[in-house]
Amino acid sequence: MAGRWRDGRGRLLVPGGAGDGAGEDHGEAGATAVTVPLELATSYRARTRGLLGRDAVDGALLLSPAGSIHTFGMRIPIDVAYLDRGLRVLAVVTMRPGRLGRPRLRSRHVLEAAAGAMARWGVRAGVRVTVEADLPAGGPGLVHPD
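Residue 273 in this note's numbering sits at position 97 of the sequence shown, with consecutive numbering throughout.
1) Kindly confirm or deny that the stretch 208-220 and the stretch 252-271 touch, where touching means at least three C-beta pairs closer than 8 Å.
2) With DSSP collapsed to three states, give me the class of M294.
3) Where does L214 land, buried or exposed, given buried means 16+ other C-beta within 10 angstroms?
4) Quick one: grab the DSSP three-state call for R221.
5) Can you give the beta carbon distance from T247 to R272, rounded, assuming they're within the 8 Å contact cut?
6) Going straight from the alpha carbon of R296 to that of W181, what length do you get?
7) Within 10 Å of its beta-carbon, does D231 have 16 or more other beta-carbons around it, so buried, or fewer, so exposed?
8) Looking at D260: is its Cβ nearer than 7 Å to the Cβ of A291?
9) Which residues bound the beta strand (DSSP E) around T247?
10) For P186, name the three-state secondary structure that DSSP assigns.
11) To which residues of the same chain is T270 closer than 8 Å at the C-beta, ignoring the five residues directly before and after it?
Given below as structure tokens:
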């Protein structure tokens with residue numbers, strides 16, 4: 177096992193994304209990947225806080241580990257993507273404030289973003305995303321925790 181992510185920032189890469197003006201990377205064979213700013217919430221405290229009390233989301237928030245979420249105390253509707261250990265999207269749903277999300281069996285990570293953002297980025301069931309964590313001071317960065 178390579179290690180675990182830490183709370184911090186990074187980037188979410190969505191292969192073949194639809195694009196929304198976020199950074200786009202033209203990799204091998206001309207494939208386009210959408211690059212989205214990402215906040216990593218891996219500690220109990222950061223996962224518990226999540227997007228509570230925020231009026232907007234800059235990019236996306238990755239909760240890890242997580243198998244379900246709620247939107248009690250939230251001010252905005254959000255898109256929620258449930259990811260398995262390999263970062264493959266299991267399901268994407270839009271949740272209004274004050275809702276309890278259904279737990280997903282095999283879900284290891286949950287990705288949250290402003291409502292409508294996932295469709296613009298091309299995040300849908302079956303897509304495998306990539307997470308690039310920014311390097312913490314004095315330590316190696318992790319591309320994948322498992």
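We treat Cβ as the ideally placed atom computed from N, Cα and C, and that holds for glycine.
Based on what the coordinates show:
1) no
2) helix
3) buried
4) helix
5) 7 Å
6) 26 Å
7) exposed
8) no
9) Here T247 belongs to no beta strand (DSSP E), and DSSP marks it neither H nor E.
10) Pro is not the amino acid found at residue 186; the sequence shown has Gly there. In the structure shown, G186 sits in a strand (DSSP, three-state: E or B).
11) P253, I254, D255, V256, A291, G292
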